[in-house]
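Novice: Heads up, the sequence shown is in full-length UniProt numbering, so the first residue is 1 and it goes up one at a time.
Cβ atoms here follow ideal geometry from the backbone N, Cα and C, with glycine treated the same way.
Please read these numbers as outputs of a predicted model, since none were measured by experiment.
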Amino acid sequence: MQSTHYTANRLSKRWLWMLPLLAVLLYACEGSDAQRSSYSEDQGQFFPVERPSAYNRPASLIAALEDTSSYWVDSVFNTLTSEERIAQLIIIEAFSNRGPKYEADVMRLIKEYKVGGIIFFQGGPVRQAKLTNAYQAASKVPLWISMDAETGVGMRLDSTVEYPSQQMLGALTDNELIYRMGVEVAQEFKRLGMHINFAPVADVNNNPNNPVISYRSFGEDKYDVTAKSIAYMQGMQDGGIMAVAKHFPGHGDTDVDSHYDLPVIPFGRGRLDSLEMYPFQELIKHGLGGMMVAHMHIPQLDPTPNLPSTLSEPIVTGLLKQRLNYKGLIFTDAMVMKGVTKFFEPGEAEARALMAGNDVLERLNSVPKAIRAVEEAIERGDLTQEEIDRRCKRVLAAKQWLGLDKYKPVALENLYEDLNPPMADLINKRIAEGSVTLLNNRKKMLPLQESPKQTVATLSIGATRVTAFQRQVNQIATETDHFFISRKANAKETKKLWKQLKKYDVVLVALYGPSLRPSNNVAYSKDATKLVQQLARSNKAVITLFNNAYTLNQFPDIEESRALLVAYQGYFHAQAAAAEVIFGKVPARGKLAVTVNKHFAFGDGIYLNKPFMASAAAQ
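If you want it as structure tokens, here you go:
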């Protein structure tokens with residue numbers, strides 16, 4: 001486990017030089033008299049009337065959660081009714097693309113029930129920022145704002161940066177890039193007034209048929225998944241937001257999607273300890289702020305029939321809190337998912353989740369039903385008000401650590417520019433270049449060298465126009481002809497194209513899935529798939545897959561290709577990097593993070609570092 005140790009020690013020292021500056025900033029930001037004004041219903045925000053001493057922000061979120069006795073926490077807590085203390089443990093969903101009626105419903109929940117936070121989904125950055133400001137202004141206690149943004153805010157919002165999938169990051173040999181990405185994600189979160197990212201995915205994906213994790217995982221090797229999860233987590237938390245790792249105790253080896261059903265995990269403690277839980281245990285040791293529990297039934301840990309792990313006291317309290325000694329905040333996975341709603345009604349599920357030991361309930365079917373069910377559980381003695389109060393204070397302590405005791409509205413000026421910084425683009429470029437994985441290079445096909453006698457064509461399958469890959473090739477090798485064809489092409493189209501391509505010496509083939517993001521199914525027609533097979537057997541094709549590495553299995557005989565690369569997804573920098581690797585402008589350094597089949601296994605990747613040199617004859 002040297003890689004994890006190295007990453008953690010190296011990263012933990014990075015910010016030491018900033019401590020004097022941070023001390024000055026903290027002193028300067030203690031707040032004006034106006035910020036210390038008392039709570040009023042018109043203002044909607046609570047600030048203590050006077051603060052006996054400045055808040056000494058603990059070095060870690062875990063330390064803040066261990067000491068919940070700050071003046072701000074006590075002052076806010078004492079204004080809350082017993083119902084409002086329950087509501088602080090609730091995060092509701094919000095979208096910024098669903099119009100005024102939907103927004104009014106969210107506002108009603110904030111005003112009427114005093115919920116603790118929001119998780120934003122699809123929309124736009126300016127619309128979300130405006131809604132955040134409106135919701136915060138209406139809230140009695142500052143809301144913590146979260147997002148399920150494994151690949152950055154661009155995963156949810158238009159006009160913003162999206163970073164690569166975790167499978168693509170898994171191909172990197174340099175985890176420093178993942179740390180830097182985490183820092184940038186944190187800056188973009190803070191610029192949008194957000195505080196929590198439900199990432200990283202720390203699941204070890206050792207099941208190629210997994211329909212829900214797959215390319216969202218760093219890979220199948222527990223040590224590599226751990227090192228990369230720690231790098232991403234530390235980058236975000238060093239940047240000032242809370243990372244929430246998921247999906248405890250491990251969702252990597254299942255063929256059921258818990259969004260639609262309840263997966264059953266047959267493994268016992270020994271297997272889970274040695275494999276699935278390993279990354280989570282290491283993240284705990286390195287100061288993980290939040291943990292998300294999955295909706296899975298694990299009979300060997302809790303034999304209660306049809307009981308999701310989120311509602312299991314032996315798993316949440318017995319295993320995570322007591323055995324693993326986890327001191328951070330524990331979040332449920334979304335309570336609207338079939339993995340929990342299939343067997344438990346709204347309200348009952350949320351009460352059982354708190355009884356099991358979770359701190360925060362995320363994305364509910366019904367806030368009033370949940371609060372009422374929790375109150376009934378307290379009346380029955382299944383929960384105590386003291387336990388609710390303790391968790392409420394932990395939530396408030398986390399809010400203070402995240403800066404919500406000095407809440408400021410999101411500034412709208414220059415928002416687009418700030419969310420698309422040059423550093424983010426550079427990081428994306430470096431990740432793309434470092435992850436391209438060369439799996440075949442028969443007879444030293446690559447790096448491809450231009451020759452007046454060699455004819456070259458490019459073909460993009462799954463495109464309706466010339467692609468970024470083809471444009472990049474055109475910049476490097478100008479004497480090139482370009483073709484494109486649909487993933488759903490019929491026999492007439494593919495036969496005509498094959499007849500045209502046979503006359504070229506080299507064909508650079510780009511395979512795309514249904515979108516720029518990875519997919520589990522490229523959904524090629526029978527004839528389009530046959531065309532790929534013909535090209536792979538032709539001894540003239542350099543094939544690049546811009547999709548989930550597992551989808552190599554959807555192309556018969558692709559292992560016979562003269563050269564084969566995986567670039568993992570179709571975003572611009574990945575396409576540009578693949579073209580540059582083919583022509584030797586950048587080295588091939590990526591390694592497969594997963595075993596695809598008997599031909600391509602974890603760790604495969606040909607290191608190619610021969611720069612392109614124009615021959616004297618071509619000068």
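Any idea which residues DSSP pairs G605 with across the strands?
Specialist: Here residue 605 is taken as the residue at index 605 of the sequence shown, counted from 1. DSSP lists no partner for G605.
Novice: Around the C-beta of L608, are 16 or more other C-beta atoms found within 10 angstroms, so that it is buried, or is it exposed?
Specialist: To locate residue 608, count along the sequence shown from 1; it is residue 608. So L608 counts as buried.
Novice: Using 8 Å as the Cβ pair cut-off and three pairs as the minimum, do the region 281 to 288 and the region 301 to 316 touch?
Specialist: Result no; under three Cβ-Cβ pairs closer than 8 Å.
Novice: Would you kindly work out how many angstroms separate the C-alpha atoms of D221 and A593, rounded to a whole number?
Specialist: Locating residue 221 in the sequence shown gives position 221, where the first residue counts as 1. Locating residue 593 in the sequence shown gives position 593, where the first residue counts as 1. The straight-line gap from Cα to Cα measures roughly 7 Å.
Novice: Is DSSP giving I298 helix, strand or coil here?
Specialist: The sequence position of residue 298 within the sequence shown is 298, counting from 1. Residue state, collapsed to three classes: coil.
Novice: What does the Cβ neighbour count give for T478, buried or exposed, with the cut at 16 atoms within 10 Å?
Specialist: To locate residue 478, count along the sequence shown from 1; it is residue 478. Burial call: exposed.
Novice: Return the Cβ separation of Q454 and R517 in integer angstroms, given the expectation that the two are a contact with Cβ distance under 8 Å.
Specialist: Within the sequence shown, numbered from 1, the residue matching residue 454 stands at position 454. Within the sequence shown, numbered from 1, the residue matching residue 517 stands at position 517. Wrong, their Cβ atoms sit about 35 Å apart, outside the cutoff.
Novice: Identify which residue in K496, N440 and N548 has its Cα closest to the Cα of G605.
Specialist: Translated into positions along the sequence shown, residue 605 becomes position 605. Of the candidates K496, N440 and N548, the one whose C-alpha sits nearest the C-alpha of G605 is N440.
Novice: Go to M242, then tell me how far its beta strand (DSSP E) extends in each direction, as first and last residue.
Specialist: Position 242 of the sequence shown, counted from the first residue, corresponds to residue 242. Here the beta strand (DSSP E) through M242 covers M242 to F248.
Novice: Note down, in chain order, each residue of its chain lying with its Cβ closer than 8 Å to the Cβ of D389, except the 5 sequence neighbours on either side.
Specialist: Residue numbering aside, residue 389 sits at position 389 when the sequence shown is read from its first letter. Hits under 8 Å: F77 and R85.
Novice: Count Cβ pairs between the region 254 to 271 and the region 223 to 238 that sit closer than 8 Å; are there 3 or more?
Specialist: With the cut-off at 8 Å, the region 254 to 271 and the region 223 to 238 do not touch.
Novice: Less than 9 Å between the beta carbons of V522 and T544, yes or no?
Specialist: By one-based count along the sequence shown, residue 522 stands at place 522. By one-based count along the sequence shown, residue 544 stands at place 544. Not a contact, by the Cβ cut-off of 9 Å.
Novice: Just the C-alpha distance for D42 and K114, rounded to the nearest angstrom, thanks.
Specialist: Walking along the sequence shown from the start, residue 42 turns up at place 42. Walking along the sequence shown from the start, residue 114 turns up at place 114. Low confidence applies to D42: its pLDDT is 39, below 50, so where it sits in the model is not reliable, and the reading given next is rough at best. Computed Cα separation, rounded: 15 Å.
Novice: On the DSSP bridge assignment, give the partners of F331 in chain order.
Specialist: Taking the sequence shown and counting its residues from 1, one reaches residue 331 at position 331. Looking at the DSSP assignment, F331 forms a beta bridge with M292 and V360.
Novice: Could you check what DSSP says for H573 in three-state terms: helix, strand or coil?
Specialist: Within the sequence shown, residue 573 is the residue found at index 573, counting from 1. In this structure, H573 counts as helix in the three-state DSSP scheme.
Novice: Name the residue from D67, N207 and R271 whose alpha carbon lies nearest to the alpha carbon of G252.
Specialist: To locate residue 252, count along the sequence shown from 1; it is residue 252. Measuring from the Cα of G252, the nearest candidate turns out to be N207.
Novice: Would DSSP call M236 helix, strand or coil?
Specialist: Locating residue 236 in the sequence shown gives position 236, where the first residue counts as 1. Reduced to three states, the DSSP call for M236 is helix.
Novice: Assuming R465 contacts S525 under a Cβ cut-off of 8 Å, what Cβ separation, rounded to an integer in Å, is found between them?
Specialist: The residue given as residue 465 occupies position 465 in the sequence shown. The residue given as residue 525 occupies position 525 in the sequence shown. With a Cβ gap of about 19 Å, R465 and S525 do not count as contacting.
Novice: Give a yes or no on contact between the region 118 to 129 and the region 162 to 177, applying the rule of three or more CB pairs nearer than 8 Å.
Specialist: They do not touch, by the three-pair rule.
Novice: Where does L329 land, buried or exposed, given buried means 16+ other C-beta within 10 angstroms?
Specialist: Here residue 329 refers to the residue found at position 329 when the sequence shown is read from its first residue. The residue is buried, with at least 16 neighbouring Cβ atoms inside 10 Å.
Novice: State yes or no: is the C-beta of M291 within less than 9 Å of the C-beta of E362?
Specialist: Here the question's residue 291 lines up with position 291 in the sequence shown. Here the question's residue 362 lines up with position 362 in the sequence shown. Not a contact, by the Cβ cut-off of 9 Å.
Novice: What does DSSP give as the partner residues of S146 in its beta bridges?
Specialist: Walking along the sequence shown from the start, residue 146 turns up at place 146. According to DSSP, S146 bridges with I119 and I196.
Novice: So, A87 versus K111, is the Cβ gap smaller than 9 Å?
Specialist: On the sequence shown, residue 87 is found 87 positions in, with the first residue counted as 1. On the sequence shown, residue 111 is found 111 positions in, with the first residue counted as 1. Not closer than 9 Å, so no.
Novice: Give me, in chain order, the residues of the same chain whose beta-carbon lies closer than 6 Å to that of Y27; leave out the 5 immediate sequence neighbours on both sides.
Specialist: One-based indexing of the sequence shown puts residue 27 at position 27. Annotation note: pLDDT 36 at Y27 (below 50); position unreliable, coordinate value reported separately. The answer is none, since no qualifying residue turns up.
Novice: Tell me whether the beta-carbon of I178 lies closer than 9 Å to the beta-carbon of I145.
Specialist: Position 178 of the sequence shown holds residue 178. Position 145 of the sequence shown holds residue 145. No, the pair does not count as a contact, with Cβ atoms beyond the cut-off.
Novice: Per DSSP, which residues does I90 bridge with? Please list them.
Specialist: On the sequence shown, position 90 is the one that residue 90 refers to. Paired residue(s): L361.
Novice: Work out the CA separation of A64 and I378 for me, nearest whole Å.
Specialist: Counted from its first residue, the sequence shown places residue 378 at position 378. Counted from its first residue, the sequence shown places residue 64 at position 64. Rounded to the nearest angstrom, the two C-alpha atoms are 27 Å apart.
Novice: Is the number of C-beta pairs between the region 96 to 105 and the region 400 to 418 that are closer than 8 Å three or more?
Specialist: The region 96 to 105 is not in contact with the region 400 to 418.
Novice: Alpha carbon to alpha carbon, how far is R576 from N428?
Specialist: Walking along the sequence shown from the start, residue 576 turns up at place 576. Walking along the sequence shown from the start, residue 428 turns up at place 428. Here residue 576 is Ala; the residue named in the question, Arg, does not match the sequence. Each residue's Cα considered, the two are about 11 Å apart.
Novice: Using only alpha-carbon positions, find the residue among V456, Q281 and I558 that is nearest to A325.
Specialist: For the purposes of this step, residue 325 is taken as the residue at position 325 of the sequence shown. The question names Ala, yet the displayed sequence has Asn at residue 325. Cα-wise, what sits closest to N325 is Q281.
Novice: Within 10 angstroms of the Cβ of F600, are there 16 or more other Cβ atoms? Answer buried if so, exposed if not.
Specialist: As a working note, residue 600 is residue 600 in the sequence shown. F600 comes out buried.
Novice: Taking 6 Å as the limit between beta carbons, can you name the residues of its chain near D33, skipping five residues before and five after?
Specialist: Walking along the sequence shown from the start, residue 33 turns up at place 33. Caution applies to D33, whose pLDDT of 31 falls short of 50 and renders its modelled position unreliable; the model cannot decide the point.
Novice: Who are the near neighbours of P48 in its chain, counting only those whose CB is closer than 7 Å to its CB and skipping five residues on each side?
Specialist: Stepping through the sequence shown from its first residue, residue 48 is reached at position 48. Residue confidence for P48 is low, a pLDDT of 47 falling below 50, so the modelled location carries little weight; the figure read from the coordinates is stated next. So the qualifying residues of the chain are R36, Y71, W72 and S75.
Novice: Is it right to say A59 is buried, meaning 16 or more other beta carbons lie within 10 angstroms of its own, or is it exposed?
Specialist: What you label residue 59 is simply residue 59 of the sequence shown in a count that begins at 1. Classification for A59: exposed.
Novice: Got a sec? Which residues, its chain only, sit under 7 Å from M355 by beta carbon, not counting five neighbours each side?
Specialist: Here the question's residue 355 lines up with position 355 in the sequence shown. Closer than 7 Å at Cβ, skipping near neighbours: E313, A377, D382 and L383.
Novice: For the alpha helix (DSSP H) that contains N428, what are its first and last residues?
Specialist: Your numbering for residue 428 matches position 428 in the sequence shown. Segment P422 to S435, the alpha helix (DSSP H) holding N428.
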